[in-house]
Amino acid sequence: MPKFAPAIELATHEVANQPSEYYGRNLYLNDPAMRDAIRREAGSWLDERMARLGAEAGSEKVLEWGELANRHGPELVSFDRYGRRLDEVRFHPSYHHLMALAMEHNIHDVAWTVEDPSSHVGHFGLLALFTQAEAGTMCPINMTYAVVASLRQQGEAARPWLERILGGRYDPDIKPIGAKAGITMGMAMTEKQGGSDVRANTTRAFPIDAGAGHYRLVGHKWFCSAPMSDGFLTLAYTEAGLSCFLVPRITPDGRRNGIHVMRLKDKLGNKSNASSEIEYHDAFAILLGEQGRGVNVIIDMVHHTRLGTVAGTVGIMRMGFLQALHHVRGRRAFQKTLIDQPLMRAVIADLAVEYEAAAVLGARVARMFGGSDPRSKAFARIAVALAKYWLTKRNPNFVFECMECHGGAGYVEETPMPRLFRESPLNAIWEGSGNVIVLDVLRTLRKEPEALAALFSEIEPGLGRDDDLDMAVQGVKTMLDGPLGEGAGRLLVERLALVLQGALLVRFAPAPVARAFCATRLGGAGGHMFGVMPEDIDVDGILDRHLAALDAGLA
């Protein structure tokens, strides 16, 4: 980013008709959809926090950190110069700046330290907001948040870890957790031969002191993101079956643990975040929960990380839409500003509707994570899976359409769009790809009827207000009356997600947004691409508030 206005009068021409750089705005105050959702689901305590982070995340400094952290990715250092084993990952300073900023704003622990039923909305909102500046650092932050859900069930064994997570500050040094200002946590479940089928794992755990829950692990993990974390939840077999273990980076006697980082993944995107393949060479580990019930222990962490995938997706969508909206407002073609061209206006309005539907769904799901009653818990279980499946799958095409709004400029690396596009598929793959999520939803519908009842308790208040929504809900009920076979699973999950979004928009969003969504996503008036809008849609009503807020917080 230029520190001073660049020259526009060149030897052969004058550079004109180009939008300005977009930074120095408050990324929360310029987002009316997220702002409405946060104020509705959480109230003033989070509104103030979001505004503070929005100012920092939208600053030139932090946006540049995000760019640098992805341009200068992590490097694996296996040995020191004398051949002694290190297994360390080195990062550009910008990565450390971003991690410190994220933990200063308590994205990792706000859900557990704020005494309010909406505390998980804090995690959702702050993570979505920070993702606009940089997505990769949100992987270790989200895992650190999610691990609390599993650790707090483990009694005394987990206490030292929880004490360093809750209220902890970023401390990248490798040392025992008792000497650290704060810690981050990771997860390592999948193996080469099994992937999501963790029952196919081959890693074995052998007792060192079974009475104390101490074991040594031998095996491998195909994906271990954030390998510089201070501890990892992992799965391994004991004689009793697949079990969950906490593997510290530093052993209780002060040695580097036997976690060998074999290589870093050369990924499509998410470049700032180190993802690795590891091997356990007699690695020290602490048993969590009962032997043979490892999935039951780690599933709480998985459930909560899925909320993070939803939040990250919403953040990517927002930055993509923001860049597109700013560009079409600042560039002319065919004697008109792009935003005033009817075709472009329809595209931007359709993207706005898609984003609004994502924000209202994500915030509502997050609010139910904090509920203590059975209905809230049941809704959170099924709705986070629906949201993860649908939003993450919509994301790549959404970001592509935002990229296309820029023309050729959006395809070059000087803009944020290629990085956003590379990031856009990740959350659909992480923590269960599409088919795994569909199977989870079908299993929930079969085994937990209260989840479906909870889902419809959120849908039914929206009925009677839009004919397309009413007909779509009746269609879903007809589907549910039949057998829940896997072959139609994707269609059912898609329709459930859409009617839930439609019902929430009818209840909470501006009328033009709700009407456009129901007509195009539920009523058949839309097309296969963004920008196919019926003539009677109030495009001005959809766009006006987004355009009015575009420069909020401008210094």
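Per our numbering, numbering through the sequence shown is continuous, rising by one, with the last residue being 1154.
Don't be surprised by glycine CBs; every beta carbon is placed ideally from N, CA and C.
Own chain, CB closer than 8 Å to residue i, minus 5 neighbours either side, in chain order
{"i": "K779", "result": "R763, G767, D770, D772, D829"}
{"i": "F678", "result": "R684, L685"}
{"i": "L1044", "result": "I981, A1050, L1051, L1079, L1083"}
{"i": "R928", "result": "P618, T936, L937, I938, L1146, L1149"}
Buried or exposed by the 16-neighbour rule on C-beta atoms within 10 Å, applied to residue i
{"i": "Y988", "result": "buried"}
{"i": "P847", "result": "buried"}
{"i": "Q1100", "result": "buried"}
{"i": "Y814", "result": "buried"}
{"i": "A1102", "result": "buried"}
{"i": "Y681", "result": "exposed"}
{"i": "A1163", "result": "Since the first residue shown for the chain is 600 and the last is 1154, residue 1163 is missing from the structure and cannot be characterised."}
{"i": "K935", "result": "exposed"}
{"i": "K992", "result": "buried"}
{"i": "S658", "result": "buried"}
{"i": "A604", "result": "exposed"}
{"i": "G1081", "result": "exposed"}
{"i": "T1077", "result": "exposed"}
{"i": "N616", "result": "exposed"}
6 Å Cβ shell around residue i - same chain, five flanking residues per side excluded
{"i": "R1120", "result": "L1097"}
{"i": "G1088", "result": "V1037, L1041"}
{"i": "D1065", "result": "V1105, C1117"}
{"i": "G812", "result": "I885, L886"}
{"i": "G914", "result": "A727, T730, Q731"}
{"i": "S975", "result": "M967"}
{"i": "G665", "result": "A732, E733"}
Top-ranked residue by Cα proximity to residue i, from the options
{"i": "K820", "options": "G840, T1014, D796, A839", "result": "D796"}
{"i": "L1062", "options": "A1148, V1105, R670", "result": "V1105"}
{"i": "V860", "options": "G754, I877, D852, L1153", "result": "I877"}
{"i": "L634", "options": "P759, R905, A1108", "result": "Note on identity: in this sequence residue 634 is Arg, with Leu being the wrong assignment. R634 has its Cα closest to that of A1108, out of P759, R905, A1108."}
{"i": "F831", "options": "M742, G812, F805, A756", "result": "M742"}
{"i": "G888", "options": "A757, L1068, P941", "result": "A757"}
{"i": "V896", "options": "T712, A835, I915", "result": "A835"}
{"i": "H691", "options": "K660, L652, P673, M943", "result": "P673"}
{"i": "F968", "options": "E955, R905, M737, C1004", "result": "R905"}
{"i": "G1123", "options": "Q753, L700, M1070", "result": "M1070"}
{"i": "G1009", "options": "D1039, F920, P973, A951", "result": "F920"}
{"i": "R931", "options": "G1081, H1005, D808", "result": "H1005"}
{"i": "L867", "options": "K1076, I1028, R944, S1056", "result": "I1028"}
{"i": "L675", "options": "K1076, R862, I938", "result": "R862"}
{"i": "V1072", "options": "G1086, F1055, H695", "result": "F1055"}
{"i": "V909", "options": "I849, G1031, N800", "result": "G1031"}
{"i": "G1131", "options": "R944, E1085, M1002", "result": "Residue identity check: residue 1131 is Val in the sequence provided, not Gly. Among R944, E1085, M1002, the Cα nearest to that of V1131 is on R944."}
Distance between beta carbons of residue j and residue i, contact taken as under 8 Å
{"i": "M788", "j": "T833", "result": "7 Å"}
{"i": "A641", "j": "V720", "result": "4 Å"}
{"i": "G840", "j": "Q890", "result": "7 Å"}
{"i": "T912", "j": "L990", "result": "5 Å"}
{"i": "L960", "j": "V1092", "result": "L960 to V1092, Cβ: 14 Å. No contact."}
{"i": "F729", "j": "V946", "result": "At roughly 27 Å, the Cβ-Cβ gap does not stay under 8 Å, so F729 and V946 are not in contact."}
{"i": "S875", "j": "C738", "result": "Rounded, the Cβ-Cβ distance is 12 Å, inconsistent with contact."}
{"i": "L725", "j": "R648", "result": "7 Å"}
{"i": "A1193", "j": "A958", "result": "For the chain, the structure presents residues 600 to 1154; residue 1193 sits outside this window and is missing."}
{"i": "E1226", "j": "F978", "result": "Residue 1226 lies beyond the residue range present for the chain, which begins at 600 and ends at 1154; the question has no answer from this structure."}
{"i": "T736", "j": "A710", "result": "Incorrect: roughly 18 Å between the Cβ atoms, too far for contact."}
{"i": "M1002", "j": "M900", "result": "Not a contact, Cβ separation roughly 34 Å."}
9 Å Cβ cutoff met for residue i and residue j
{"i": "M827", "j": "V688", "result": "yes"}
{"i": "R963", "j": "E1047", "result": "no"}
{"i": "A748", "j": "H902", "result": "yes"}
{"i": "P1024", "j": "P995", "result": "yes"}
{"i": "A1151", "j": "N629", "result": "yes"}
{"i": "L697", "j": "A745", "result": "no"}
{"i": "Q922", "j": "M1016", "result": "yes"}
{"i": "V817", "j": "R798", "result": "no"}
{"i": "A873", "j": "F723", "result": "no"}
{"i": "E1000", "j": "L950", "result": "yes"}
{"i": "E1022", "j": "A734", "result": "yes"}
{"i": "F883", "j": "P851", "result": "yes"}
{"i": "R670", "j": "K864", "result": "no"}
{"i": "P759", "j": "I740", "result": "no"}
{"i": "L645", "j": "S693", "result": "no"}
{"i": "A956", "j": "L1142", "result": "no"}
{"i": "D1137", "j": "A1110", "result": "yes"}
{"i": "R651", "j": "H704", "result": "yes"}
Neighbourhood of residue i by C-beta, 7 Å cutoff - its chain only, sequence neighbours within 5 removed
{"i": "H925", "result": "P618, Y621, L1149"}
{"i": "C843", "result": "L832, L834, L887, G888, G893, V896, I897"}
{"i": "N1034", "result": "none"}
{"i": "L1153", "result": "G623, R624"}
{"i": "F997", "result": "M916, G919, L950, E953"}
{"i": "D1067", "result": "C1117, A1118, L1121, G1122"}
{"i": "P973", "result": "E1049"}
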